[in-house]
Amino acid sequence: MAWSTRQIADLAGTTVNAVRHYHEAGLLEEPERRSNGYKQYGVPHLVRLLQIRRLRELGVPLAEIEAMGRADKDPAEALRVLDAELEATIERLQRARSELALILRDRAPIDLPATFGSVSRHLSEQDRSLVTIYSQLYDESALSDLREMLDENPRTEADDEFDNLPADADAATKQRLAEYFAPQIRQHLDKYPWLTDPGPRSTKGAATLEQTMVAALREVYNLAQLDVLYRADLIIKGMTDDRLEAADEETDR
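Take the position in the sequence shown, starting the count at 1, then add 62; the result is the number in my numbering.
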């Protein structure tokens with residue numbers, strides 16, 4: 063029995079282009095040609111084509127099919143590697159489905175970790191940018207704590223004022239906001255002590271965490287907002303900065 067390229071492709075449940083590609087890849091031997099120049103495939107070609115299709119259905123890449131040999135050889139090791147890769151792929155897809163379910167449930171933006179969906183409506187643009195960066199820097203336990211912090215402190219008018227604070231805000235406004243936020247920050251530090259030394263909770267290492275967060279804060283916040291955070295830190299530590307006080311006095315004149 064002899065088949066044309068189209069006939070054998072139909073028998074094997076594949077396409078003419080696929081058959082030609084298998085020839086080019088060296089996976090399927092070229093058949094003899096009839097006097098009219100048309101290829102004529104035989105049973106061995108059909109068997110090999112079905113073997114290739116079966117391996118493709120199992121997820122074996124074309125580049126690895128030839129290395130695995132034909133049906134009379136033992137491809138056990140290659141199949142074990144493939145099985146491990148498929149297991150990892152399945153786990154990744156299952157995680158993706160779980161995250162999609164949370165995103166759909168909470169109608170959350172897709173750029174945020176799914177676990178932050180329940181608080182996403184209360185996040186400012188700056189908050190979202192930082193949370194997106196956090197998701198690449200912190201482990202799951204730390205991210206869980208950060209989500210709890212956001213959940214424990216619903217947005218207030220002071221948060222809106224801070225987010226919209228102009229870079230040339232006066233010293234009195236910055237100090238007032240710092241005094242408002244300092245108790246909240248102190249509460250977080252008391253409840254989550256790791257915040258004072260976050261390096262061990264980073265998936266990227268302490269040095270990368272510090273460098274990235276310093277750069278992120280400088281980009282996300284303007285000078286006045288950074289000043290508010292600095293003032294709040296001084297209040298928490300019970301410290302003063304003579305240079306800051308002098309600058310405030312100069313500004314008030």
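C-beta atoms are modelled at their ideal positions from N, C-alpha and C, and glycine is treated no differently.
(request) Use the C-beta contact count for Val193: other C-beta atoms within 10 angstroms, 16 or more gives buried, fewer gives exposed. (result) In the assembly as shown, Val193 is a buried residue. Its beta-carbon has 16 or more other beta-carbons within 10 Å.
(message) For Ala133, count the other beta carbons within 10 Å of its own beta carbon; 16 or more makes it buried, fewer makes it exposed. Which is it?
(response) Residue placement at Ala133 is poorly supported in this model, since its pLDDT is 47, which falls under 50; the coordinates still yield a value, given next. Per the 10 Å Cβ criterion, exposed.
(message) In the DSSP output, which residue or residues are listed as bridge partners for Lys101?
(response) Arg95
(request) Taking 8 Å as the threshold, find out whether the segment 220 to 230 comes into contact with the segment 272 to 286 through three or more Cβ pairs. (result) Judged by Cβ distances under 8 Å, the segment 220 to 230 makes contact with the segment 272 to 286, as three or more pairs qualify.
(request) Would you tell me roughly how many angstroms separate the C-alpha atoms of Thr270 and Ile195, rounded to the nearest one? (result) Each residue's Cα considered, the two are about 12 Å apart.
(request) Could you name the residues of the same chain whose beta carbon sits closer than 6 Å to that of Ser191, not counting the 5 residues immediately before and after it, in chain order? (result) Val282.
(request) Decide if Thr67 is buried, meaning its Cβ has at least 16 other Cβ atoms within 10 Å, or exposed. (result) buried
(request) Inspect the CB distances between the segment 176 to 188 and the segment 262 to 281 and report whether three or more fall short of 8 Å. (result) Short answer: they don't touch.
(message) Tell me the rounded alpha-carbon separation between Ala240 and Glu272.
(response) Straight-line spacing of the CA atoms in Ala240 and Glu272 works out to 22 Å.
(message) I'd like to check one pair, Ala244 with Ala294: are the Cβ atoms closer than 7 Å?
(response) yes
(request) For Ala138, collect the residues of the same chain with a Cβ closer than 7 Å to its Cβ; drop the 5 residues on either side in sequence, then sort them by chain order. (result) none
(request) Classify Asp304 as buried or exposed, calling it buried when 16 or more other Cβ atoms lie within 10 Å of its own Cβ. (result) exposed
(request) Counting only the same chain and skipping the five closest in sequence on each side, list residues whose C-beta sits under 7 Å from that of Asp88. (result) Here the sequence assigns Gly to residue 88, which means Asp is not the residue at that position. Cβ within range, chain order: Glu128.
(request) Hey, could you find the ends of the alpha helix (DSSP H) Ala335 is sitting in? (result) Residue 335 cannot be examined here, being either before or after the span of the chain that is shown, 63 to 315.
(request) Report yes if the C-beta distance between Arg115 and Thr151 is below 7 Å; otherwise report no. (result) no
(message) Here's a check: name, in chain order, each residue in its chain whose Cβ is nearer than 7 Å to the Cβ of Val78, leaving out the five neighbours to either side.
(response) Cβ within range, chain order: Thr67, Arg68 and Ala71.
(message) So, at 6 Å on beta carbons, what are the nonlocal neighbours of His184 in its own chain, with the 5 sequence-adjacent residues on each side left out?
(response) Arg217
(request) Compute the Euclidean distance between the alpha carbons of Leu257 and Leu112, then round it to the nearest angstrom. (result) 59 Å
(request) Look at the alpha carbon of Ser206 and the alpha carbon of Glu86, and state the distance between them as a whole number of angstroms. (result) 52 Å
(message) Are the CB atoms of Pro175 and Ser160 within a distance shorter than 7 Å?
(response) Contact flag unset, no.
(request) Name, in chain order, the residues that DSSP records as bridge partners for Trp256. (result) Answer is none; Trp256 lacks a bridge partner.
(message) Rounded to whole angstroms, what is the Cα-Cα separation between Ala186 and Asp221?
(response) The residue you asked about is not Ala; residue 186 is Ser in the sequence shown. In a straight line, the C-alpha of Ser186 is about 9 Å away from that of Asp221.
(request) Could you pull out every residue in the same chain whose Cβ sits closer than 7 Å to the Cβ of Ala74, ignoring the five residues on either side in sequence? (result) Leu108, Leu111, Leu112 and Arg115
(message) As a quick exercise: from Gln237, Gln188, Val105 and Gln246, pick the residue whose alpha carbon is nearest that of Ala278.
(response) Among Gln237, Gln188, Val105 and Gln246, the Cα nearest to that of Ala278 belongs to Gln188.
(message) DSSP three-state label for Ser186, please.
(response) coil
(request) Could you check which residue in Met301, Arg209, Leu117 and Gly300 has the C-alpha nearest to that of Asp145? (result) Leu117
(message) What does the alpha-carbon distance come out to for the pair Arg238 and Glu202?
(response) 34 Å
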